[in-house]
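In terms of the working numbering, the sequence shown opens at residue 423 and continues consecutively. Ideal placement from N, C-alpha and C gives every residue a C-beta, glycine not left out. Encoded as structure tokens, the structure appears first; notes follow it.
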Amino acid sequence: MINFYEHKNLEIAAVQQAKPGNIHCGDAHVVVEEKDFTICAVVDGLGSGEGASESAVAAIKIIKDNRFLDVEEIVKTCNEAMVNKRGAVLTLVKVDFVKKELNYCNFGNIGFVMYYPDGTTIQPIPLRGYLSGRKAVIKSKSFSYKEGSIFMLYSDGVKIPFSKKNLLTIDSLKKEFTDLLTLDRFAIDDVTLLVGKLA
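See below:
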């Protein structure tokens, strides 16, 4: 399933699909749009199927309900919600249109990369582990962005993420995103891939 989201400062495309043969997708994503910011997150519940989906959906609800908090507090609250659940990994970015910066927080193996129009790459190393409800050290980072910057969040079901060349040559996600989704990009797994282009 492909979704498109449009804000005057940000165009987003996301694809999400369950592991073949499963009804429930253990991955989830969310885009929360406000006047001065947008939150994008990709969550992967541990394992696959209904239990994984339950953890991912719980984290998504927390993100929506706590969107006005800073990214560290949102992720800490997601962690608390994982008690008696399988647990989850996630990457969350909050794009601040006033400060022109992207606030990033991650826990576990959800990939993130941002490319500036000049090709400069920002790709933080993900934290190891997963959110389980146990005490965890959660840290965030902030990066400035420029008009034309493009970022990508993706779960471990994405075998071959889009290349820098793929992303920086995109004029319109709505027109071009689907053409990039070749079958060899995805493993036999739950898959979520989200791309945002900043204006």
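Starting from residue i, trace the alpha helix (DSSP H) both ways and give me its first and last residue.
i	result
residue 586	586-590
residue 598	595-598
Could you please give me the residues that DSSP links to residue i through a beta bridge?
i	result
residue 516	461, 525
residue 534	575
residue 553	510
residue 606	Paired residue(s): none; residue 606 is not in a bridge.
residue 450	465
residue 456	The partner list for residue 456 (beta bridge, DSSP) is empty, contrary to what the question assumes.
residue 543	537
Have a look at residue i and residue j and give me their C-alpha separation to the nearest angstrom.
i	j	result
residue 525	residue 485	14 Å
residue 544	residue 569	15 Å
residue 572	residue 553	27 Å
residue 576	residue 425	15 Å
residue 495	residue 504	15 Å
residue 611	residue 501	24 Å
residue 542	residue 584	16 Å
residue 527	residue 427	21 Å
residue 521	residue 587	27 Å
residue 621	residue 454	17 Å
residue 440	residue 467	12 Å
residue 603	residue 535	18 Å
residue 490	residue 512	18 Å
residue 539	residue 592	11 Å
residue 492	residue 548	19 Å
residue 465	residue 598	24 Å
Is DSSP giving residue i helix, strand or coil here?
i	result
residue 491	coil
residue 425	strand
residue 445	coil
residue 503	coil
residue 582	coil
residue 496	helix
residue 482	helix
Under DSSP, the beta strand (DSSP E) around residue i begins and ends at which residues?
i	result
residue 434	432-439
residue 618	613-620
residue 564	562-566
Could you name the residues of the same chain whose beta carbon sits closer than 7 Å to that of residue i, not counting the 5 residues immediately before and after it, in chain order?
i	result
residue 469	448, 508
residue 607	580, 581, 582
residue 537	543, 571, 572, 586, 589, 590
residue 499	484, 488
residue 677	Summary: the structure shown does not reach residue 677, with the chain confined to residues 423 through 621, and so no result is reported for it.
Please work out which residues of its chain come closer than 8 Å, Cβ to Cβ, to residue i, disregarding the five sequence neighbours upstream and downstream, and give them in chain order.
i	result
residue 444	470, 471, 612
residue 476	467, 507, 508
Cutting at 6 Å between CB atoms, please list the residues of its own chain near residue i, excluding the five before and the five after it.
i	result
residue 460	429, 432, 517
residue 578	531
residue 452	463, 482, 485
residue 565	524, 544
residue 647	The structure shown has nothing for residue 647, since the chain only spans 423 to 621.
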